[in-house]
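Accompanying notes for the structure given below.
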Amino acid sequence: MVNALSFEYSYKALIVYCRINNKDFSLFKLKSNFNFSIPKIFNDFVITNNIDLNQIKLIVNSCGPGSFTGLRISLSFVKGLALGLSIPFVNISTFDVFANLVKNSSSVIVLAFTAGKYFLGHYKNCELIGKILCFSKEDLFEYLNQIDPNSVLIGNNLENISEKFNYKFEIIENLSSFGRILTELGIAKYLKNRKSDDILSGPLYIRQSDAEINFHS
2 MVNALSFEYS YKALIVYCRI NNKDFSLFKL KSNFNFSIPK IFNDFVITNN IDLNQIKLIV
62 NSCGPGSFTG LRISLSFVKG LALGLSIPFV NISTFDVFAN LVKNSSSVIV LAFTAGKYFL
122 GHYKNCELIG KILCFSKEDL FEYLNQIDPN SVLIGNNLEN ISEKFNYKFE IIENLSSFGR
182 ILTELGIAKY LKNRKSDDIL SGPLYIRQSD AEINFHS
């Protein structure tokens, strides 16, 4: 078994998951203010659980889509940690993790809301069909009205979706297994490819950030 450390910060919460010597440690912490410090929170997590970072052989990063700022912060931290420990890191699509949380469902709609847009991935048997789409609220509702009612909906910030579509879809908002699934997918990817992701790789963006849009306008 590969000793691995995983990070997810694509939305409003930081998830850290560590699997080391067949023991699992996890952290779930909601962002509470602008003083939210990933390095400090991580350091406290390591000390509290007496984790020996020298035994970690792989770091896994949840790379989005999601919050532009959160993804950049977490990826920078992950890359720095991987370089400091001289170990590989791999990126895993956040939506792939969501889809694998309900792998027993043949049709899964993964949704995330950020920067005023909805991002949607349609998965069948844990495989993304086509590409991840970006919708306005109105276009999303129109799209969902055409989807197989046997599909399962999962993702972040689904309050508005739950109100309108809970009669049609099974909606899952329990993400307690996210860290474990992220870690397992990351280990599987690394064992298959036997190499680290490119240190210059970036998060998975479906649209430009507001700053980029304003810069080019």
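With this note's numbering applied, the sequence shown covers 2 to 218.
Ideal Cβ positions, reconstructed from N, Cα and C, are used throughout, including at glycine.
Q: Rank Glu-160, Ser-177, Ile-110, Glu-174 by C-alpha distance to the C-alpha of Gln-147 and give the top, closest one.
A: Ile-110
Q: Give the straight-line distance between the Cα atoms of Ser-7 and Ser-63, rounded to the nearest whole angstrom.
A: 8 Å
Q: Determine, using beta carbons only, whether Val-17 and Phe-43 come nearer to each other than 8 Å.
A: yes
Q: Report yes if the C-beta distance between Lys-58 and Ala-5 is below 8 Å; otherwise report no.
A: yes
Q | Any 3 or more C-beta pairs closer than 8 Å across the region 173-193 and the region 91-105 | A | yes
Q) For Ile-130, does the count of other Cβ atoms within 10 angstroms reach 16, so buried, or fall short, so exposed? A) exposed
Q: Measure the Cβ-Cβ separation of Lys-132 and Tyr-119 and say whether it is below 8 Å.
A: no
Q) If we call anything under 8 Å between Cβ atoms a contact, is Gly-67 one with Thr-95? A) yes
Q. From what residue to what residue does the beta strand (DSSP E) around Gly-156 run?
A. 153-156
Q. Beta carbon of Leu-54, beta carbon of Gly-65: below 8 Å?
A. no
Q. In three-state DSSP terms, what is Phe-99?
A. helix
Q. What's the gap between the Cα of Val-91 and the Cα of Ser-163?
A. 33 Å
Q: Starting from the C-beta of Leu-205, find all residues in its chain whose C-beta is less than 7 Å away, skip the five residues before and the five after it, and write them out in chain order.
A: Cys-64, Gly-65, Pro-66, Ser-94
Q.
What does DSSP give as the partner residue(s) for Cys-64 in the beta ladder?
A. BP columns for Cys-64 are empty, so no partner.
Q) Quick one, are the C-beta atoms of Ala-189 and Gly-156 less than 8 Å apart? A) no
Q: Starting from the C-beta of Ile-173, find all residues in its chain whose C-beta is less than 8 Å away, skip the five residues before and the five after it, and write them out in chain order.
A: Leu-102, Val-103, Val-153, Leu-154, Ile-155
Q) Looking at the unbroken alpha helix (DSSP H) that takes in Asn-194, where does it start and where does it end? A) 179-194
Q) Should Gln-209 be labelled buried (16 or more other beta-carbon atoms within 10 Å of its own) or exposed? A) Residue placement at Gln-209 is flagged as unreliable, the pLDDT there being 45, under the threshold of 50; a coordinate-derived value is accordingly withheld.
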